[in-house]
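Here the structure is laid out as structure tokens; the discussion comes afterwards.
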Amino acid sequence: MASLIAAPNTYTLLKRFPMPHGNSTIDAVAVTSSHGLILVSFYTIIMKAIITQFWMAIVLFGVGLFLHRHSPHDSDSSATETTIGLWNVKHSPRHVVYFMTQRTWAVRTLRDVWYPLVWFAVAAAALAASLAVPIVKTQDLKVGTVAPVNPKSVFVPNFEDPHATYHETAQQLTPTVPSALRAVGAAGTIPNDTVYISSTTTPPSNSTVVQFNYSYGISGSDFGLQKTPDLWLNVSGSCITDYTWYQGHISVNNVPQEVYYLWNNPVNLTYVYLSSDYGPAFVSPFTGPAPSTVNRTYALLVSSIGRQSISSSTDPWYLTQDIQDPTWPYEVLSGRPPLSCWETDIWSFRGRTSSTSELRNLTDNRLSLPIYIALGQYLFRPMIVSTTQRLGRASLASSLTAYGAGFDAEKCSLVADMTRLINSSYIATRNILFDATTISAEGQEGLPNVYLGDNGTILAGSDEFVISSPNIITLSVRVLIIVPAVFVGVVVLLTVLACLPDPWRSSKELNATRIHELKRQSTKSKPSNVRDSRGNGNAKQDGGDEANDGDGGNVSKEVNNLVTSIDV
1 MASLIAAPNT
11 YTLLKRFPMP
21 HGNSTIDAVA
31 VTSSHGLILV
41 SFYTIIMKAI
51 ITQFWMAIVL
61 FGVGLFLHRH
71 SPHDSDSSAT
81 ETTIGLWNVK
91 HSPRHVVYFM
101 TQRTWAVRTL
111 RDVWYPLVWF
121 AVAAAALAAS
131 LAVPIVKTQD
141 LKVGTVAPVN
151 PKSVFVPNFE
161 DPHATYHETA
171 QQLTPTVPSA
181 LRAVGAAGTI
191 PNDTVYISST
201 TTPPSNSTVV
211 QFNYSYGISG
221 SDFGLQKTPD
231 LWLNVSGSCI
241 TDYTWYQGHI
251 SVNNVPQEVY
261 YLWNNPVNLT
271 YVYLSSDYGP
281 AFVSPFTGPA
291 PSTVNRTYAL
301 LVSSIGRQSI
311 SSSTDPWYLT
321 QDIQDPTWPY
331 EVLSGRPPLS
341 CWETDIWSFR
351 GRTSSTSELR
361 NLTDNRLSLP
371 IYIALGQYLF
381 RPMIVSTTQR
391 LGRASLASSL
401 TAYGAGFDAE
411 KCSLVADMTR
421 LINSSYIATR
431 NILFDATTIS
441 AEGQEGLPNV
451 YLGDNGTILA
461 GSDEFVISSP
471 NIITLSVRVL
481 IIVPAVFVGV
491 VVLLTVLACL
501 PDPWRSSKEL
511 NATRIHELKR
521 QSTKSKPSNV
531 RDSRGNGNAK
541 QDGGDEANDG
551 DGGNVSKEVN
561 NLVTSIDV
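Numbering-wise (full-length UniProt numbering), the sequence shown opens with residue 1 and increments by one.
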């Protein structure tokens, strides 16, 4: 939200709050970044454990289903050997993938291929899920880097006092200058599609006319509003150079002065002085008559006359003449045109619109009174006027080319200057609430704070916006609850499947210890069967066949093959 890192005393942690996200909110809680990383890591482990336990549940169900339909010692079924091997490597999907690959190549007929292939696919999916799900779903846990504001840290000067003197108004504006400097410093970093600016240039016979339009929108989420994230402020405006306001120049006490009638009204007489220090050009903002509460007029009067340059320019604000000076060969001409502008600030909320003064009615009082006061104090006039006034000589992009007693006029333009101012105004508007937490105690001294009630009491709803900081991690309460609940549910499911009655319960004879015991029993039983066959000559052949077809022989053959495959 802002380029400045919020101080720890400006926000509240471990408090459940609705985090603005798009046009809605997310039930969230904020923690420190260090604690947040620990929680995220812990939940990553839980998510991996959920996949593992769910895999175990699949194995239990699959083996139980197989036992329900087959005998675990069915020597005619290759699936029996596969199932026994699956049971003994069930704890690792990776081992199951390896084992099923072996079983697929070991089967004798195409009819038996499908069973290990199915388990191969299931195990591969479980293995992929155990790696991907914790990474992907962790993003649903960490939803931002914001926290509810600490209302005690918010300071809003009383800009709109109609009885304040010029000196008192200047005192109110002074603490907000750093926020304007931060805004202009970030003006070149915003995405190109954030603020729309279009310009046209018409070069008539004696002067160049520049007109441009601008617009931008700021949502309740951008402001950090918890209860009205779908509130929108839509700002649009237009400016044009007006040469008719220039009334020539005069000299008072040998000081050249240019005379302008703003809006062609002699009552609005304004002077532009030739700068004696030859500093960078700047503009002075003026507010004009307001046709309505949403449509305001303003003017920007540039002071660039007499600035010396190393290069020439034909731009309306930096038109130069050759003065034949070896150091600074060019100088800005007099009569630079001011900009005549208008701007509309329209708030919209769920299909309705209003001005800033009717903002609480527009939101059906969802917007708290303190936040309404803060927004109203900063938006009672076009933000571009306030921003320009606070920036002073840093307001124009041309100030970046100034050095020593001159500047580079060729690299300066009215459009570049206004783009910088409009982008700065957008950032300053978006950060109104955040910037209210950055005014130092020294800056607050002796000034009233309209954000708080009488005697400094905290008003209801004063904490209903959020501020951002890289030292904060915001976690989704829904994910914080669901993940442990799913883990417990999967463990319960696993327990139920493990405790099912026979034949659905997985047989103990499927473990490796029991398999080796069966192998030893089959080895002992084979000589006994041979002696019995020798005692009965007529039954020798039949006895031999019965020994081979009996349970001991079949188990021995099955176990020998299976143990070999498992050991590999």
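We put the beta carbon where it would ideally sit given N, CA and C, even for glycine.
Rounded separation between residue i and residue j - CA only
{"i": "residue 639", "j": "residue 52", "result": "Residue 639 is absent from the model: the chain starts at 1 and stops at 568."}
{"i": "residue 120", "j": "residue 58", "result": "13 Å"}
{"i": "residue 81", "j": "residue 128", "result": "26 Å"}
{"i": "residue 148", "j": "residue 388", "result": "30 Å"}
{"i": "residue 457", "j": "residue 432", "result": "21 Å"}
{"i": "residue 207", "j": "residue 396", "result": "22 Å"}
{"i": "residue 46", "j": "residue 494", "result": "16 Å"}
{"i": "residue 78", "j": "residue 125", "result": "23 Å"}
{"i": "residue 313", "j": "residue 174", "result": "35 Å"}
{"i": "residue 559", "j": "residue 50", "result": "Its pLDDT being 43, under 50, residue 559 is placed unreliably in this model, and the value from its coordinates should be taken loosely. Their backbone Cα atoms lie some 33 Å apart in a straight line."}
{"i": "residue 295", "j": "residue 196", "result": "19 Å"}
{"i": "residue 161", "j": "residue 215", "result": "29 Å"}
{"i": "residue 366", "j": "residue 437", "result": "22 Å"}
{"i": "residue 333", "j": "residue 244", "result": "16 Å"}
{"i": "residue 440", "j": "residue 427", "result": "20 Å"}
{"i": "residue 38", "j": "residue 491", "result": "24 Å"}
{"i": "residue 75", "j": "residue 118", "result": "For residue 75, the predicted structure reports a pLDDT of 48, less than 50, and the residue's modelled location is therefore unreliable. A value from the coordinates is still provided. Approximately 21 Å, taken between the alpha carbons."}
{"i": "residue 442", "j": "residue 362", "result": "36 Å"}
{"i": "residue 185", "j": "residue 400", "result": "11 Å"}
{"i": "residue 571", "j": "residue 144", "result": "In this structure the chain extends from 1 to 568, so residue 571 is not present and cannot be described."}
{"i": "residue 94", "j": "residue 107", "result": "20 Å"}
{"i": "residue 242", "j": "residue 172", "result": "32 Å"}
{"i": "residue 481", "j": "residue 43", "result": "11 Å"}
Assigned exposure category for residue i - 16 Cβ within 10 Å defines buried
{"i": "residue 352", "result": "exposed"}
{"i": "residue 444", "result": "exposed"}
{"i": "residue 265", "result": "exposed"}
{"i": "residue 423", "result": "buried"}
{"i": "residue 170", "result": "exposed"}
{"i": "residue 5", "result": "exposed"}
{"i": "residue 88", "result": "buried"}
{"i": "residue 24", "result": "exposed"}
{"i": "residue 347", "result": "buried"}
{"i": "residue 406", "result": "buried"}
{"i": "residue 168", "result": "exposed"}
{"i": "residue 315", "result": "buried"}
{"i": "residue 321", "result": "exposed"}
{"i": "residue 324", "result": "exposed"}
{"i": "residue 105", "result": "exposed"}
{"i": "residue 435", "result": "buried"}
{"i": "residue 131", "result": "exposed"}
{"i": "residue 455", "result": "exposed"}
{"i": "residue 166", "result": "exposed"}
Nearest residue (CA-CA) to residue i, options the options
{"i": "residue 33", "options": "328, 86, 146, 128", "result": "146"}
{"i": "residue 152", "options": "497, 488, 496, 460", "result": "460"}
{"i": "residue 139", "options": "36, 176, 231, 103", "result": "36"}
{"i": "residue 364", "options": "164, 195, 231", "result": "231"}
{"i": "residue 177", "options": "300, 425, 476", "result": "425"}
{"i": "residue 280", "options": "302, 323, 261, 62", "result": "302"}
{"i": "residue 269", "options": "286, 429, 168", "result": "286"}
{"i": "residue 136", "options": "399, 490, 40, 182", "result": "40"}
{"i": "residue 99", "options": "182, 107, 85", "result": "85"}
{"i": "residue 273", "options": "256, 166, 282", "result": "256"}
{"i": "residue 238", "options": "252, 213, 150, 185", "result": "213"}
{"i": "residue 210", "options": "336, 473, 27", "result": "336"}
{"i": "residue 30", "options": "92, 116, 142", "result": "142"}
{"i": "residue 183", "options": "390, 108, 339, 225", "result": "390"}
{"i": "residue 179", "options": "271, 133, 378", "result": "378"}
{"i": "residue 228", "options": "305, 18, 497", "result": "18"}
{"i": "residue 380", "options": "306, 311, 481, 429", "result": "429"}
{"i": "residue 22", "options": "473, 16, 226, 134", "result": "226"}
{"i": "residue 249", "options": "271, 482, 165", "result": "271"}
{"i": "residue 246", "options": "300, 66, 44, 470", "result": "300"}
Residues bridged to residue i (per DSSP)
{"i": "residue 62", "result": "Residue 62 pairs with nothing; no bridge assigned."}
{"i": "residue 19", "result": "26"}
{"i": "residue 11", "result": "149"}
{"i": "residue 474", "result": "30, 144"}
{"i": "residue 445", "result": "The partner list for residue 445 (beta bridge, DSSP) is empty, contrary to what the question assumes."}
Contact between the segment 341-356 and the segment 380-389 (3+ Cβ pairs under 8 Å): The segment 341-356 is in contact with the segment 380-389.
Three-pair Cβ contact test at 8 Å for the segment 369-378 versus the segment 460-469: They touch, by the three-pair rule.
Sufficient close CB pairs (3 or more, under 8 Å) joining the segment 435-451 to the segment 154-161: Cβ pair count under 8 Å is three or more, so yes.
Given 8 Å, three or more beta-carbon pairs between the segment 4-15 and the segment 209-222: No, because fewer than three Cβ pairs between the segment 4-15 and the segment 209-222 fall closer than 8 Å, the two stretches do not touch.
Meets three-Cβ-pair contact criterion under 8 Å: the segment 195-204 and the segment 413-428: Touching, yes.
Cβ pair count under 8 Å reaching 3, the segment 353-360 against the segment 321-335: Counting Cβ pairs under 8 Å, fewer than three are found: no touch.
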